[in-house]
Amino acid sequence: MLVVLFAGALNIDKTLFGSQYHFMLYYLVPCIYPRMVVTLLDKEDGSEPEPISVPVRVGQAVDTTGIAGKQAKAITGFQTHTTPVLLSCTDRAELATEEYIPVTKVIEGFVIIKKNKDFQPEEQEAPRK
Numbered sequence: 001m002l003v004v005l006f007a008g009a010l011n012i013d014k015t016l017f018g019s020q021y022h023f024m025l026y027y028l029v030p031c032i033y034p035r036m037v038v039t040l041l042d043k044e045d046g047s048e049p050e051p052i053s054v055p056v057r058v059g060q061a062v063d064t065t066g067i068a069g070k071q072a073k074a075i076t077g078f079q080t081h082t083t084p085v086l087l088s089c090t091d092r093a094e095l096a097t098e099e100y101i102p103v104t105k106v107i108e109g110f111v112i113i114k115k116n117k118d119f120q121p122e123e124q125e126a127p128r129k
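Residue numbers (full-length UniProt numbering): 1 to 129.
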């Protein structure tokens, strides 16, 4: 996308700032859109989803195409953050808890999540004396 802008800048008087191809500046818009993860909780009663903070793992994306068997991890070298989170260009995110289920498979942008009905919180052991 930036290549289009740089090619147009070679003859800037007749392309970008001239009267002929000024619309080429719109190619910059996808470059300035931030990659983020914001989770919205979908309610059972059908009302508007509301933002909720959920732990997510953010790490470097791993190519999982062609891997047979169980669902492979899509990230490596992750850190756990709480949403909303900004992602860099090589990052990918996944939910860190089974308490919520995402409606989409892609965890990027605005993600609608639902409460997992089968979730059972882990019982913590009582401290020993």
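For glycine and all other residues, C-beta sits at the position ideal for the given N, C-alpha and C.
Quick caveat, the model's predicted, so the values are computed rather than measured.
Pick from the options that is closest to residue i, judged by C-alpha positions
i: Asp118; options: Val106, Glu99, Thr39, Ile107; result: Glu99
i: Lys83; options: Ala74, Gly77, Phe110, Ile75; result: Reading the sequence as shown, one finds Thr at residue 83 and not Lys. Nearest C-alpha to Thr83: Phe110.
i: Tyr26; options: Leu41, Gly8, Val38; result: Gly8
i: Val37; options: Pro121, Pro102, Lys115, Glu122; result: Pro102
i: Val106; options: Leu5, Ala74, Gln120; result: Ala74
Residue i versus residue j: straight-line alpha-carbon distance, rounded
i: Thr104; j: Leu87; result: 18 angstroms
i: Gln79; j: Gly46; result: 33 angstroms
i: Ala93; j: Pro49; result: 21 angstroms
i: Pro34; j: Lys115; result: 27 angstroms
i: Glu122; j: Ile113; result: 21 angstroms
i: Leu40; j: Thr76; result: 25 angstroms
i: Val62; j: Thr15; result: 40 angstroms
i: Ile12; j: Val4; result: 12 angstroms
N-terminal and C-terminal residue of the beta strand (DSSP E) that residue i is part of
i: Phe110; result: 109-115
Where the alpha helix (DSSP H) through residue i begins and ends
i: Leu2; result: 2-8
- Message: Check whether the segment 15-32 and the segment 40-59 are in contact - that is, three or more C-beta pairs closer than 8 angstroms.
- Response: no
- Sequence ranges, beta strand (DSSP E) only - wholly within the segment 33-106, length at least 3: 36-41, 55-61, 75-82, 91-95, 100-102
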